[in-house]
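Below is one structure; the comments refer to it alone.
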Amino acid sequence: MLRVTLFVIIFCLTACFGRKPASTGLEGKSMPTFNLLLIDSVTYLNTGNIPGGKETVIFGFTPFCPHCRAQLEEMLGDMDSLQHLQFYMVSGFPMPEIQRFMKKYELEKYGNVKVGRDTADVIARYFKAPGAPYTAIYDKDKKLIRYFLGRIKSKDILAAAQLRP
């Protein structure tokens, strides 16, 4: 019984530490080019047109995922320290669901956050993401620094943005 209790305690303690980045083999590679249908349901943003010179975060989410909501709430609470990063929130869900999600979190008031739909599901397939959330952090030259699968903390994003592939 002592061994089981000890195992449970160790497991719980290790689960509290930050999530490790997933190794994709894509580190140092350029951001994939894909079209993101923006929240107005008319305008497309091609990621090839995202200007360099600023670290970029792609946050893959689903509107009903509790881990996605928890990560977003933390990021919004820490937006003062994250404001130097450009966020692209990407989902494959239908646009009405994404629009409700955006409205709920008042994302339009953040100048460094763009929200849209990856209509072809390019980015999730690129990273072979089995679920959400997933977070890809790119350097100023749009080269992948780190990729995380699952909920992470704002401090993980900030730490990764300081690195180079």
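To convert, note that position 11 of the sequence shown is 11 in full-length UniProt numbering; the numbers rise steadily by one, no gaps.
Backbone N, C-alpha and C define an ideal beta-carbon position, used for all residues, glycine too.
Here the structure is a predicted model, which is why all the values come from computation and not from measurement.
Local Cβ density within 10 Å of G28, reported as buried at 16 or more and exposed below that: To locate residue 28, count along the sequence shown from 1; it is residue 28. Counting Cβ neighbours within 10 Å, G28 comes out exposed, since fewer than 16 surround it.
Given a cut-off of 8 Å on the beta-carbon distance, is the pair G116 and L36 in contact? If you number the sequence shown from 1, residue 116 lands on position 116. If you number the sequence shown from 1, residue 36 lands on position 36. Going by C-beta atoms, G116 is nearer than 8 Å to L36.
Contact between the stretch 129 to 139 and the stretch 94 to 111: three or more CB pairs below 8 Å? no
When we look at the beta-carbon of R146 and count the other beta-carbons within 10 Å, is it buried (16 or more) or exposed? Along the sequence shown, one-based indexing puts residue 146 at 146. When all chains shown are included, R146 counts as buried.
So, using beta-carbon positions, are G92 and D121 closer together than 8 Å? Here the question's residue 92 lines up with position 92 in the sequence shown. Here the question's residue 121 lines up with position 121 in the sequence shown. Yes. Within cutoff.
Pair within 8 Å by beta-carbon distance, I123 and G60: If you number the sequence shown from 1, residue 123 lands on position 123. If you number the sequence shown from 1, residue 60 lands on position 60. Going by C-beta atoms, I123 is nearer than 8 Å to G60.
Nearest-angstrom Cα distance between M31 and L72? Taking the sequence shown and counting its residues from 1, one reaches residue 31 at position 31. Taking the sequence shown and counting its residues from 1, one reaches residue 72 at position 72. Spanning the two alpha carbons is a distance of roughly 22 Å.
Go to Q99, then tell me how far its alpha helix (DSSP H) extends in each direction, as first and last residue. By one-based count along the sequence shown, residue 99 stands at place 99. Counting along the chain, the alpha helix (DSSP H) containing Q99 begins and ends at M95 to K104.
Inter-residue spacing [alpha-carbon to alpha-carbon] between M95 and H67: Here residue 95 refers to the residue found at position 95 of the sequence shown. Here residue 67 refers to the residue found at position 67 of the sequence shown. Roughly 20 Å between the two C-alpha positions.
Name, in chain order, the residues that DSSP records as bridge partners for R117. Residue numbering aside, residue 117 sits at position 117 when the sequence shown is read from its first letter. Partner(s): L37 and S91.
Closest by C-alpha distance to A132, when choosing among A70, C65 and M102: As a position in the sequence shown, residue 132 is number 132, starting the count at 1. That would be C65, whose Cα lies nearest to the Cα of A132.
Where do the ends of the beta strand (DSSP E) carrying R125 lie? In the sequence shown, the residue the question calls residue 125 occupies position 125. Segment V122 to Y126 is the alpha helix (DSSP H) holding R125; no beta strand (DSSP E) there.
So Q86 and N112 are supposed to be a Cβ contact under 8 Å. How far apart are they, rounded? If you number the sequence shown from 1, residue 86 lands on position 86. If you number the sequence shown from 1, residue 112 lands on position 112. 5 Å between Cβ atoms; contact.
Check whether the Cβ atoms of E97 and P130 sit closer than 8 Å, and answer yes or no. As a working mapping, residue 97 is identified with position 97 in the sequence shown. As a working mapping, residue 130 is identified with position 130 in the sequence shown. Going by C-beta atoms, E97 is not nearer than 8 Å to P130.
Taking Cβ positions, are T43 and Y88 nearer each other than 8 Å? Against the sequence shown, residue 43 aligns to sequence position 43. Against the sequence shown, residue 88 aligns to sequence position 88. No, the Cβ-Cβ distance between T43 and Y88 is not below 8 Å.
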